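**Q**
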Amino acid sequence: MKALLALENGFTLEGRSFTGEFETGGEVIFNTGMTGYQEVLTDPSYCGQLVCLTYPLIGNYGINDEDMESTGIHMRALLVKECCKEPSNWRATKSLPQYMMEQGVPGMEGLDTRALTIQLRNGGSMRCMISTKDLNPESLVAKARALPTMEGQNLVPNVAPKSPYVWYKGAPKPVTAQSDGRLPFIGDKSIRLLVYDFGIKWNIIRELIASGFSPVMVPPDFTAEQARKSGAQAVFLSNGPGDPATLTDVIENIRELMKTFPITGICLGHQLLGLALGAHTTKMKFGHHGANHPVKDLATGHIEIASHNHGFCVVLDGCPHVEASHVNLNDGTLSGLYCPSKHVMSVQYHPEAASGPHDSHYLFSRFHDMIEKALQA
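Below, the structure written as structure tokens:
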């Protein structure tokens, strides 16, 4: 089925659908990972976006139940050069087109993904429309220009939970607080960790448990007062979608949490911590989306190859009490921060992402050590 893609700058590409009829739009970005399309599909941080994968053949190892990062697909559409309809992998339970059709998410193939990536690299992330119904370039470009930009969008409510839950037997299990407000943290010897879920990837939860934490996940509107009553010893802020500056109530709540708890964060959690500490965030030209970004740990001088997925970054101007802990070597943007006076640290990238390199796994131990020292102080 013929399909058309249109960018807000007037650029168009023809392709075809591998999921049936569709018409949808949003911000389009490119991801340079050679593998991990299932993790990309189910990462809630892609909510509101169309994702172009630069690797030319996608879908060859199918879809399996074990590698999900959430309950389903959150992106608006997947854009690829060629989609494999018949996967070859003993772990696969279904094909990529089958899974996307079950989820009702459009897939478009036959695209010149190199040409699209060059457009985004040169012009920045743009608003985009794809359609099998409207194949008129001028009409589809006009629809793309009418879409809202990513700046100013609060997308967290679309992916965040409504109530607390724990990780039980490989899946989320709802829990309720006791009459005194205490939450059921599992594990007597683990650090009781309150995890603010803005659209968390499930492997973050798994890694936190493996690193000696007992997490209970809570929604973004869980107040600092509720946190103090919960029995938690520390706080973790998860990844998530959208513009971090729109989450003003959350940022103010984090300022209150910092008065009581040591705090760590990843991705959106890092951005929210930066804002709560007095820094500001800015929209990047085309963001960092892929599994091969070089990051320097300023404490050790070591270089790690890390997985990234973000379109905003933290700028520390005017925050003399906050230290840069990591920097992205491609463009010099901040990849981590540390505020020893408040027992706060965070990273912009994803140490939990099993993208091939395991260079960043040490961060979970570093989180744990910082929290332990804070609790002993």
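Sequential numbering of the sequence shown, starting at 2, is according to our numbering. Virtual Cβ for every residue (Gly too), placed ideally from N, Cα, C. The model shown is predicted, which means the values in this text are computed figures rather than measured ones.
1) Tell me where the alpha helix (DSSP H) around residue 283 begins and ends.
2) With distances taken between CB atoms, is the gap from residue 283 to residue 316 smaller than 8 Å?
3) Going by DSSP in three states, residue 168 sits in which element: helix, strand or coil?
4) Since residue 134 and residue 253 should fall inside the 8 Å C-beta cutoff, what is the C-beta to C-beta distance between them, to a whole number of angstroms?
5) With DSSP run on the structure shown, which of helix, strand or coil describes residue 251?
6) Ends of the alpha helix (DSSP H) at residue 146?
7) Does the Cβ of residue 168 have 16 or more other Cβ atoms within 10 Å, making it buried, or fewer, making it exposed?
8) Within this structure, are the beta carbons of residue 236 and residue 262 separated by less than 8 Å?
9) Would DSSP call residue 233 helix, strand or coil?
10) Where does the unbroken beta strand (DSSP E) through residue 329 begin, and where does it stop?
11) For the putative contact between residue 200 and residue 240, defined by C-beta atoms under 8 Å, what is the C-beta separation to the nearest angstrom?
12) Do you know how far the Cα of residue 318 is from the Cα of residue 281?
13) Taking the beta strand (DSSP E) that residue 304 falls in, what are its first and last residues?
14) Report the three-state DSSP secondary structure of residue 269 (helix, strand or coil).
15) Got a sec? Which residues, its chain only, sit under 8 Å from residue 369 by beta carbon, not counting five neighbours each side?
16) So the beta strand (DSSP E) residue 131 belongs to, where does it begin and stop?
17) Tell me the rounded alpha-carbon separation between residue 46 and residue 264.
18) Counting pairs of beta carbons, one from the stretch 4-12 and one from the stretch 130-146, are three or more of them closer than 8 Å?
19) DSSP beta-bridge partners for residue 108?
20) Helix, strand or coil for residue 9? Go by DSSP, reduced to three states.
21) In or out: residue 119 buried (at least 16 other Cβ within 10 Å) or exposed?
22) Excluding the 5 residues preceding and the 5 following residue 266 in the sequence, name in chain order all residues of the same chain whose CB lies nearer than 6 Å to its CB.
23) Work out the CA separation of residue 153 and residue 218 for me, nearest whole Å.
24) From what residue to what residue does the alpha helix (DSSP H) around residue 204 run?
25) Residue range of the alpha helix (DSSP H) that residue 114 falls in?
26) State the start and end residues of the unbroken beta strand (DSSP E) segment that holds residue 339.
27) CB-CB under 8 Å to residue 127, same chain, minus the five flanking residues each way: which ones, in chain order?
28) Within a Cβ cutoff of 6 Å, which residues of the same chain sit near residue 108, ignoring the five residues on either side of it in sequence?
29) Going by DSSP, what residues sit across from residue 361 in a beta bridge?
30) If you compare alpha carbons, which of 330, 354 and 325 is closest to residue 340?
31) Check the Cβ-Cβ distances between residue 234 and every residue of chain B, and say whether any is below 8 Å.
32) Are residue 63 and residue 43 closer than 8 Å when you measure CB to CB?
33) Less than 8 Å between the C-beta atoms of residue 70 and residue 204, yes or no?
34) From the DSSP output, in three-state form, read off residue 350 for me.
35) Start and end of the beta strand (DSSP E) containing residue 52?
36) Can you find the residues in the same chain that come closer than 6 Å, C-beta to C-beta, to residue 259, ignoring five residues on each side of it along the sequence?
**A** Taking the geometry as given:
1) Residue mapping note: residue 283 aligns to position 282 of the sequence shown, counting from 1. Unbroken run through residue 283 is the beta strand (DSSP E), 281-298; no alpha helix (DSSP H).
2) As a working note, residue 283 is residue 282 in the sequence shown. As a working note, residue 316 is residue 315 in the sequence shown. With contacts defined as CB atoms closer than 8 Å, residue 283 and residue 316 qualify as a contacting pair.
3) Here residue 168 refers to the residue found at position 167 when the sequence shown is read from its first residue. The DSSP-derived three-state label of residue 168 is strand.
4) By one-based count along the sequence shown, residue 134 stands at place 133. By one-based count along the sequence shown, residue 253 stands at place 252. Distance from residue 134 to residue 253 at the Cβ level is roughly 44 Å; contact not present, criterion being Cβ atoms closer than 8 Å.
5) In the sequence shown, the residue the question calls residue 251 occupies position 250. Here residue 251 carries a helix assignment [DSSP, helix/strand/coil].
6) One-based indexing of the sequence shown puts residue 146 at position 145. Membership of residue 146 in the alpha helix (DSSP H) is indicated by the continuous run 138-146.
7) Sequence index remark: in the sequence shown, residue 168 carries index 167 (1-based). By the 10 Å Cβ count, residue 168 comes out buried.
8) For the purposes of this step, residue 236 is taken as the residue at position 235 of the sequence shown. For the purposes of this step, residue 262 is taken as the residue at position 261 of the sequence shown. Closer than 8 Å, so yes.
9) By one-based count along the sequence shown, residue 233 stands at place 232. Looking at residue 233 - three-state DSSP - the assignment turns out to be coil, as it is neither helix nor strand.
10) Along the sequence shown, one-based indexing puts residue 329 at 328. Going by DSSP, residue 329 is part of the beta strand (DSSP E) stretching over 324-329.
11) Within the sequence shown, numbered from 1, the residue matching residue 200 stands at position 199. Within the sequence shown, numbered from 1, the residue matching residue 240 stands at position 239. Sure, about 6 Å apart at Cβ, within 8 Å.
12) As a first step, residue 281 is located in the sequence shown; it is residue number 280 there, counting from the start. As a first step, residue 318 is located in the sequence shown; it is residue number 317 there, counting from the start. Just so you know, the alpha carbons of residue 281 and residue 318 end up roughly 8 Å apart.
13) Within the sequence shown, the letter at position 303 stands for residue 304. First-last of the beta strand (DSSP E) with residue 304: 304-316.
14) What you label residue 269 is simply residue 268 of the sequence shown in a count that begins at 1. DSSP places residue 269 within a helical segment (H, G or I) once states are collapsed to three.
15) In the sequence shown, residue 369 corresponds to position 368, counting from 1. Around residue 369: 192, 212, 213 and 214.
16) The residue given as residue 131 occupies position 130 in the sequence shown. In the DSSP assignment, residue 131 falls within the beta strand (DSSP E) that extends over 127-132.
17) If you number the sequence shown from 1, residue 46 lands on position 45. If you number the sequence shown from 1, residue 264 lands on position 263. In a straight line, the C-alpha of residue 46 is about 21 Å away from that of residue 264.
18) The way I'd put it, the stretch 4-12 does touch the stretch 130-146; three or more beta-carbon pairs between them come closer than 8 Å.
19) Stepping through the sequence shown from its first residue, residue 108 is reached at position 107. BP columns for residue 108 point to 79.
20) Taking the first residue of the sequence shown as 1, we reach residue 9 at position 8. In this structure, residue 9 counts as coil in the three-state DSSP scheme.
21) Numbered from its first residue, the sequence shown carries residue 119 at position 118. Exposed: under 16 other Cβ atoms inside 10 Å.
22) For the purposes of this step, residue 266 is identified with residue 265 of the sequence shown, where counting begins at 1. Answer for residue 266: 238, 274 and 347, listed in chain order.
23) On the sequence shown, residue 218 is found 217 positions in, with the first residue counted as 1. On the sequence shown, residue 153 is found 152 positions in, with the first residue counted as 1. So the alpha carbons of these two residues sit roughly 26 Å apart.
24) As a first step, residue 204 is located in the sequence shown; it is residue number 203 there, counting from the start. Counting along the chain, residue 204 sits inside the alpha helix (DSSP H) bounded by residues 203-211.
25) Locating residue 114 in the sequence shown gives position 113, where the first residue counts as 1. Counting along the chain, the unbroken alpha helix (DSSP H) around residue 114 starts and ends at 114-124.
26) Position 338 of the sequence shown, counting from 1, holds the residue named residue 339. Looking at the DSSP string, the run of the beta strand (DSSP E) that includes residue 339 is 335-340.
27) The count along the sequence shown starts at 1 and reaches residue 127 at position 126. Excluding sequence neighbours, residue 127 sits near 8, 9, 10, 28, 29, 120, 121 and 145.
28) In the sequence shown, the residue the question calls residue 108 occupies position 107. Apart from sequence neighbours up to five positions away, the residues of its chain that approach residue 108 with a beta-carbon distance below 6 Å are 19, 20, 79 and 101, ordered along the chain.
29) Residue 361 sits at position 360 when you count from the first residue of the sequence shown. According to DSSP, residue 361 shares a beta bridge with no other residue.
30) In the sequence shown, counting from the first residue as 1, residue 340 sits at position 339. Ranking the options by Cα distance to residue 340, first place goes to 325.
31) Absent from the structure is chain B; it holds one protein chain and no more.
32) Here the question's residue 63 lines up with position 62 in the sequence shown. Here the question's residue 43 lines up with position 42 in the sequence shown. Not closer than 8 Å, so no.
33) By one-based count along the sequence shown, residue 70 stands at place 69. By one-based count along the sequence shown, residue 204 stands at place 203. Remark: C-beta atoms of residue 70 and residue 204 approach each other more closely than 8 Å.
34) Start at 1 with the first residue of the sequence shown, and residue 350 comes out as number 349. In this structure, residue 350 counts as coil in the three-state DSSP scheme.
35) On the sequence shown, position 51 is the one that residue 52 refers to. 50-54 is the span of the beta strand (DSSP E), which, as asked, contains residue 52.
36) Indexing the sequence shown from 1 puts residue 259 at position 258. Once the five neighbours on either side are set aside, the close Cβ partners of residue 259 are 343.
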